[in-house]
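One structure is given below, encoded as structure tokens.
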């Protein structure tokens, strides 16, 4: 079900697993997000976080062995809300980011929809 408040949102997804990236893209589109950009490499994610125009970001915590925390720092410096996605649980999180909403893998559509609405305070 699309939420009218999400229909113009631009979302950055940085996820190194292609299937998970495609799943997130489909789910975010189904939620109602207008534009979803999926990137798989740390360097591309960092550049997008520094220069892109986004309303929300979903970051895999571990990008092919590289933590995504520097990307999160850039997004936070630009006041772009973000959500982490991880299969490692809280033990894999940098303590500086424990206040950031986290989507535990594997996740379902309702999990993503709920965390997006909570993060953006809509719905």
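Residue numbers (UniProt numbering): 1 to 123.
C-beta: ideal position from N, C-alpha, C; glycine also.
Same chain, Cβ closer than 6 Å to residue i, five either side skipped, listed in chain order
i: residue 115; result: 83, 101, 103
i: residue 64; result: 16
i: residue 37; result: 12
i: residue 49; result: 71, 74, 75
Residue i classed as buried or exposed, judged by whether at least 16 other C-beta atoms fall within 10 angstroms
i: residue 22; result: exposed
i: residue 121; result: exposed
i: residue 26; result: exposed
i: residue 30; result: exposed
i: residue 18; result: exposed
i: residue 89; result: exposed
According to DSSP, residues forming a beta bridge with residue i
i: residue 116; result: Beta-bridge pairing links residue 116 to no other residue.
i: residue 37; result: 12
Helix, strand or coil at residue i according to DSSP, with G and I counted as helix
i: residue 73; result: helix
i: residue 11; result: strand
i: residue 17; result: coil
i: residue 42; result: helix
i: residue 107; result: coil
i: residue 97; result: helix
i: residue 86; result: strand
i: residue 55; result: coil
i: residue 64; result: coil
Cut-off 7 Å between Cβ atoms - residues of its own chain near residue i, not counting five sequence neighbours on either side
i: residue 7; result: 32, 34
Cutoff 8 Å; reference residue i; Cβ partners in own chain excluding five residues on either side
i: residue 92; result: 61, 62, 86
i: residue 24; result: 13, 15, 36, 38, 58, 85, 112
i: residue 97; result: 69, 72, 84
May I ask you to verify whether the stretch 103 to 113 touches the stretch 66 to 74, counting CB pairs closer than 8 Å and requiring at least 3? no
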